[in-house]
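To keep things clear, I will list the structure first and then write my remarks on it.
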Amino acid sequence: NSSVALVVYNTVNNSTAAEPYQLDFCTTTTSYGGGGVAIPDNNSTGVNIPLNVTTSGRISDINFRFFTFSSSCDATPGNAQAAISHTFVGDLIFRLTAPGGFPSAIFWDRRGGTRENICSTLIDDEGSLPALSTITNQTGQFVSGNFSPETTGRLSRFDSESAQGTWTLNVSDNAADDIGTFRRFALEITTIPRKAPYDFDGDGRTDLSIF
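Here our numbering is used: the sequence shown runs in plain steps of one and ends on residue 1629.
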């Protein structure tokens, strides 16, 4: 919710006349609504959950959000209000992959220990937020809050990629006995439109020019 002002100066013949220049940023949220998906127990292959993003343009920022529709999300086993209901959150690894299969990022790698369930949680690597490693190992508590992703799986690696297409979230359980269900997530993507090079009149098409 911020405004950006940019002034471009014409330096031809030492002129300092300001010329207008428009920056079009657009932030959209695309949510998964395909229903509950069982997470295979003790299976590093995990399960893939597709998300079709229709937003066009180049990515300038992307955030990942686990969300709920109710304040009744808690550590109760099998809680249907949880974004992820799981009896040992520390078993889980989350990998996000862009359309076309590259790039990808393991942004959450077995954090939360004995905590049960993931409620409203934002993953954002441009907000100076606490690291996921700061989540304490606490039985009978759920995970919620705002965090930075793993340093080896920063979401900024998706910057400048195309937003449009089918993204893939892979969720894997990497230890035996505890089980769970995946239910809800969203991608919050800020884009800059792909503009034609040397489009001087703003009609979306490259113009003839002489240098």
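Ideal placement from N, C-alpha and C gives every residue a C-beta, glycine not left out.
Treat the numbers as computed from the prediction; the structure is a model and nothing was measured.
Any idea what DSSP makes of residue i, helix, strand or coil?
i, result
"residue 1454", "coil"
"residue 1489", "coil"
"residue 1626", "coil"
"residue 1552", "helix"
"residue 1483", "strand"
"residue 1562", "strand"
Exposed or buried, residue i, counting other C-beta atoms within 10 Å across all chains shown (16 or more means buried)?
i, result
"residue 1486", "buried"
"residue 1519", "exposed"
"residue 1595", "exposed"
"residue 1545", "exposed"
"residue 1558", "exposed"
"residue 1549", "exposed"
"residue 1618", "exposed"
"residue 1628", "exposed"
Would you mind reading off the limits of the beta strand (DSSP E) that contains residue i?
i, result
"residue 1468", "1461-1471"
"residue 1475", "Counting along the chain, residue 1475 falls outside any beta strand (DSSP E), and DSSP gives it neither H nor E."
"residue 1607", "1604-1610"
"residue 1502", "1502-1504"
"residue 1587", "1583-1591"
"residue 1507", "Neither: residue 1507 is in no beta strand (DSSP E) and is coded neither H nor E."
Using beta-carbon positions only, say whether residue i and residue j come within less than 8 Å of one another.
i, j, result
"residue 1551", "residue 1529", "yes"
"residue 1469", "residue 1587", "yes"
"residue 1610", "residue 1482", "no"
"residue 1582", "residue 1494", "no"
"residue 1521", "residue 1543", "no"
"residue 1479", "residue 1570", "no"
"residue 1538", "residue 1484", "yes"
"residue 1516", "residue 1579", "yes"
"residue 1604", "residue 1450", "yes"
Where are the beta strand (DSSP E) runs, 3 residues long or more, that stay fully inside the segment 1510-1547, in chain order?
1510-1515, 1522-1527 and 1536-1541
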